[in-house]
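Beneath this line is the structure, given in structure tokens, with notes to follow.
In our numbering, the protein residues as written are 27 to 319.
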């Protein structure tokens, strides 16, 4: 098994955007952090709020998105941020955010990934913890959706996803497996956008979601295809599902090696699998997981 050195940013960078669920104006700042710091979010709009570690122990349930919470401060819709950091192997970062939700950007992680690369990534002297899957683990729900982790005879992370919403869905059946590394991330995944069915849009707006976004800001899919937009690849939807998996898996706080196979899995099942892995596996290094005060 191969371990690598930890990495952080060479300099800070700042991005702005709008939250899809809260409709908030969001300013988010990514700062370099020391070894073994991990990924931590800080709500700058809440005086005296503690850092929120981006770890599965701090995950809380939210529909259709991933959220973390600590001592009354929370941040949601973090999966695209976490996927960008994991895809580029940025392990230590302090993220200052002035809203309860990460910005939507264009529904993908592409612009953020390019900004992170522009800031630069530097190697640190400490080794990154690694968990290698040693036994098959599966979690499933009552609908038949499931996600499974299996051992792999190579020291890599591979994620496969099967997507099939049925013959009447505007989303065609799609299946894809990718080995995850920075090159694959930038070329195959970062550009893929979150998607929503046209029939769901009205219900979401009735709940107050997406009030400041248009079809050009999200990938809305109707029976005739994308509404006011175009697919970036024919299988963009399944690519985004793999992106979401990567962002959720990052909550384990270390590298993962193994093969992950998902069948209609969403954020809730992804998190349950990570909890199961964390309870049954130990990393290759002495655990130094940062605990909140």
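By construction, the Cβ of each residue, glycine as well, lies at the ideal position given by its N, Cα and C atoms.
For residue i, I'd like the list of residues in its chain whose CB is within less than 6 Å of its CB, leaving aside the five on either flank, ordered along the chain.
{"i": "residue 314", "result": "For residue 314, the predicted structure reports a pLDDT of 37, less than 50, and the residue's modelled location is therefore unreliable. The matter cannot be settled from this model."}
{"i": "residue 174", "result": "164 and 287"}
{"i": "residue 68", "result": "77 and 122"}
{"i": "residue 281", "result": "154 and 156"}
{"i": "residue 28", "result": "181"}
{"i": "residue 91", "result": "102 and 103"}
{"i": "residue 183", "result": "206, 282 and 283"}
Starting from residue i and walking both ways along the alpha helix (DSSP H), at which residues does that stretch end?
{"i": "residue 301", "result": "293-306"}
{"i": "residue 242", "result": "Run containing residue 242: none; DSSP gives neither H nor E here."}
{"i": "residue 268", "result": "262-275"}
{"i": "residue 106", "result": "105-113"}
{"i": "residue 138", "result": "136-145"}
DSSP three-state label for residue i, please.
{"i": "residue 217", "result": "coil"}
{"i": "residue 309", "result": "coil"}
{"i": "residue 130", "result": "coil"}
{"i": "residue 278", "result": "helix"}
{"i": "residue 227", "result": "helix"}
{"i": "residue 83", "result": "helix"}
{"i": "residue 210", "result": "helix"}
{"i": "residue 39", "result": "strand"}
{"i": "residue 288", "result": "strand"}
{"i": "residue 232", "result": "helix"}
{"i": "residue 177", "result": "coil"}
{"i": "residue 88", "result": "strand"}
{"i": "residue 125", "result": "coil"}
{"i": "residue 283", "result": "strand"}
{"i": "residue 317", "result": "Model confidence at residue 317 stands at a pLDDT of 37, short of 50, so the residue's coordinates are unreliable; what they give is reported in the following sentence. Note: residue 317 maps to coil in three-state DSSP."}
{"i": "residue 93", "result": "strand"}
{"i": "residue 76", "result": "coil"}
{"i": "residue 257", "result": "coil"}
{"i": "residue 149", "result": "strand"}
{"i": "residue 65", "result": "strand"}
{"i": "residue 28", "result": "coil"}
{"i": "residue 47", "result": "coil"}
{"i": "residue 170", "result": "coil"}
{"i": "residue 251", "result": "strand"}
Decide if residue i is buried, meaning its Cβ has at least 16 other Cβ atoms within 10 Å, or exposed.
{"i": "residue 77", "result": "buried"}
{"i": "residue 126", "result": "buried"}
{"i": "residue 218", "result": "buried"}
{"i": "residue 177", "result": "exposed"}
{"i": "residue 151", "result": "exposed"}
{"i": "residue 47", "result": "buried"}
{"i": "residue 169", "result": "exposed"}
{"i": "residue 220", "result": "buried"}
{"i": "residue 201", "result": "exposed"}
{"i": "residue 209", "result": "exposed"}
{"i": "residue 60", "result": "exposed"}
{"i": "residue 238", "result": "exposed"}
{"i": "residue 86", "result": "exposed"}
{"i": "residue 236", "result": "buried"}
{"i": "residue 225", "result": "exposed"}
{"i": "residue 66", "result": "buried"}
Check for me: the beta strand (DSSP E) holding residue i runs from which residue to which?
{"i": "residue 102", "result": "99-102"}
{"i": "residue 186", "result": "183-189"}
{"i": "residue 3", "result": "Nothing in the structure corresponds to residue 3, since the chain is present only between 27 and 319."}
{"i": "residue 72", "result": "That residue, residue 72, is in no beta strand (DSSP E); it is neither H nor E in DSSP."}
{"i": "residue 202", "result": "200-205"}
{"i": "residue 197", "result": "Neither: residue 197 is in no beta strand (DSSP E) and is coded neither H nor E."}
{"i": "residue 166", "result": "163-166"}
{"i": "residue 116", "result": "First-last for residue 116: undefined, no H or E at that position."}
{"i": "residue 157", "result": "156-158"}
Inspect the beta-carbon positions of residue i and residue j and report whether they are closer than 9 Å.
{"i": "residue 234", "j": "residue 129", "result": "no"}
{"i": "residue 112", "j": "residue 276", "result": "yes"}
{"i": "residue 37", "j": "residue 121", "result": "no"}
{"i": "residue 123", "j": "residue 52", "result": "yes"}
{"i": "residue 304", "j": "residue 278", "result": "yes"}
{"i": "residue 116", "j": "residue 147", "result": "yes"}
{"i": "residue 248", "j": "residue 257", "result": "no"}
{"i": "residue 109", "j": "residue 135", "result": "yes"}
{"i": "residue 191", "j": "residue 291", "result": "no"}
{"i": "residue 260", "j": "residue 198", "result": "yes"}
{"i": "residue 255", "j": "residue 232", "result": "no"}
{"i": "residue 106", "j": "residue 273", "result": "yes"}
{"i": "residue 162", "j": "residue 35", "result": "no"}
Counting contacts by CB-CB distance shorter than 9 Å, is residue i in contact with chain B?
{"i": "residue 236", "result": "Among the chains in the structure shown there is no chain B, since it carries only a single protein chain."}
Residues in the same chain with beta-carbon distance under 7 Å from residue i, minus the five sequence neighbours each way, listed in chain order, please.
{"i": "residue 298", "result": "165"}
Can you name, in chain order, every residue of its own chain whose Cβ lies under 8 Å from the Cβ of residue i, other than the five neighbours on each side?
{"i": "residue 31", "result": "149, 150, 151, 152, 153 and 154"}
{"i": "residue 309", "result": "155, 156, 157 and 280"}
{"i": "residue 214", "result": "204 and 265"}
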